[in-house]
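One structure is given below, encoded as structure tokens.
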Amino acid sequence: MKKYSRLGFIAIIGLLFLLAGCQSNTDSSDNNPTKETTKTTTKMTVEKFLNEVDVKNKALSSIEGKHDFEVRVDQNVSSQKIESTVVFDDSQLIKADILFDTKSQEGDSVKEKFIFDSNNKPEIYHESEAKGETTKEYTSTNGEEFYFHPDYFDVLENIKSLKDDLMIEDKGDVYELTLKNEEISLISTFGEQYNLSLTGITEDETEKSLTIHFDKETYFLKDFSLLITYEGNKGSLEMVVESEYSNWNKVDENDIKIPQK
Numbered sequence: 329m330k331k332y333s334r335l336g337f338i339a340i341i342g343l344l345f346l347l348a349g350c351q352s353n354t355d356s357s358d359n360n361p362t363k364e365t366t367k368t369t370t371k372m373t374v375e376k377f378l379n380e381v382d383v384k385n386k387a388l389s390s391i392e393g394k395h396d397f398e399v400r401v402d403q404n405v406s407s408q409k410i411e412s413t414v415v416f417d418d419s420q421l422i423k424a425d426i427l428f429d430t431k432s433q434e435g436d437s438v439k440e441k442f443i444f445d446s447n448n449k450p451e452i453y454h455e456s457e458a459k460g461e462t463t464k465e466y467t468s469t470n471g472e473e474f475y476f477h478p479d480y481f482d483v484l485e486n487i488k489s490l491k492d493d494l495m496i497e498d499k500g501d502v503y504e505l506t507l508k509n510e511e512i513s514l515i516s517t518f519g520e521q522y523n524l525s526l527t528g529i530t531e532d533e534t535e536k537s538l539t540i541h542f543d544k545e546t547y548f549l550k551d552f553s554l555l556i557t558y559e560g561n562k563g564s565l566e567m568v569v570e571s572e573y574s575n576w577n578k579v580d581e582n583d584i585k586i587p588q589k
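Numbering (this note's numbering), first residue to last: 329 to 589.
What follows is the structure, given as structure tokens:
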């Protein structure tokens, strides 16, 4: 099926990059030497955990998200913030209210709002505000699938693809995943969902980190943080991607409405 796409982070990627030009087992015993007990705790593996994430997230029907993206190349900074409220039916996006706030390295600001309702005709409302002017339009998907990046379920698939390259730690109310193999490519893994790319340097020249938290009770994705940095004779780079999710399965889909013309 064709897809009607609205990519997050598209407005600032044009500057990427100017660098080209510039638990274990435990034993316990009491004071009676003739009596011994052994307690065994099964260690959670990343693969087992992600399989459970896959099962538990089939119950996800709605979510709110906040996504921040900032790229600093030398002294030039571009950023984008996204606030999203989305409703799913069997992992398929059926309603969405999405706000983009983009600032270019030149200081220009663009705000865009998309409201999508698969049961409405037309299905999409788009409002854009730039340089003091506001435009509004209504469009149809013409039978194509509507989606935007980062897509929650696609990000989960990306994370699952790294099962051999992550380590897991119980942090109390969350499970934390971090990189154990820094040789893997974060650009290749998450590039489509966050529209990441590098020009003028290779990822092997960068320092990088990835931290992901899942709610311990629900196994829903709670937050995602990716950092890529470079400092060298080609200049400096800092790329920060942060996503936070909340209000799982508590969104009132009746609050997502396309304005009347």
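Think of the CB as a built atom: it goes at the ideal place given N, C-alpha and C, for glycine as much as any other residue. Computed from a prediction, not measured in an experiment: that's the story for all the values here.
Residue F397 holds the alpha-carbon nearest to the alpha-carbon of V405 among F397, E411 and Y480.
In summary, M495 is exposed, with fewer than 16 beta-carbon neighbours lying within 10 Å of its beta-carbon over all protein chains present. In this structure, the CA atom of D492 is about 13 angstroms from the CA atom of S513. Of all alpha-carbon atoms in E570, Q588, N577 and I529, the one lying nearest the alpha-carbon of K394 is that of E570. For Y573, the secondary structure class from DSSP, reduced to helix, strand or coil, is strand.
If you look at D492, you'll find it isn't in any alpha helix (DSSP H); DSSP assigns it neither H nor E.
In this structure, the straight-line span from the alpha carbon of E485 to that of L507 is close to 16 angstroms. In the structure shown, Y475 falls within a strand segment according to DSSP collapsed to helix, strand and coil.
Here S564 carries a strand assignment [DSSP, helix/strand/coil]. In this structure, G528 keeps its C-beta atom at 7 angstroms or more from the C-beta atom of D402. Residue pairing for I540: DSSP places it in a beta bridge opposite L505 and F552.
L555 and K423 have their C-alpha atoms spaced approximately 31 angstroms apart. Less than 7 angstroms divides the Cβ of K384 from the Cβ of Y547. In this structure, I391 lies near Y573, with their beta-carbon atoms less than 7 angstroms apart. In this structure P587 is exposed. Its beta-carbon is surrounded by fewer than 16 other beta-carbon atoms within 10 angstroms. Contact between K488 and L378 holds: CB atoms are separated by about 5 angstroms, below the 8 angstroms threshold. The DSSP-derived three-state label of I487 is helix. For L388, DSSP assigns no beta-bridge partner whatsoever. In the structure shown, the three-state DSSP call for S525 is coil. For G435, the closest alpha carbon among the candidates F474, I515, D482 and Q408 is that of Q408.
Excluding five sequence positions before and after K536, the CB atoms of its chain that fall closer than 8 angstroms to its own CB belong to L507, E510, L514, L554, L555, I556 and T557, given in chain order.
With respect to F476, I426 sits close: the two C-beta atoms are nearer than 7 angstroms. Under the three-state reduction of DSSP, T517 is assigned to helix. For the options L526, I540, I584 and K578, the alpha carbon positioned closest to that of R400 is the one of L526. Taken atom to atom, the span from the alpha-carbon of K449 to that of E411 is near 24 angstroms.
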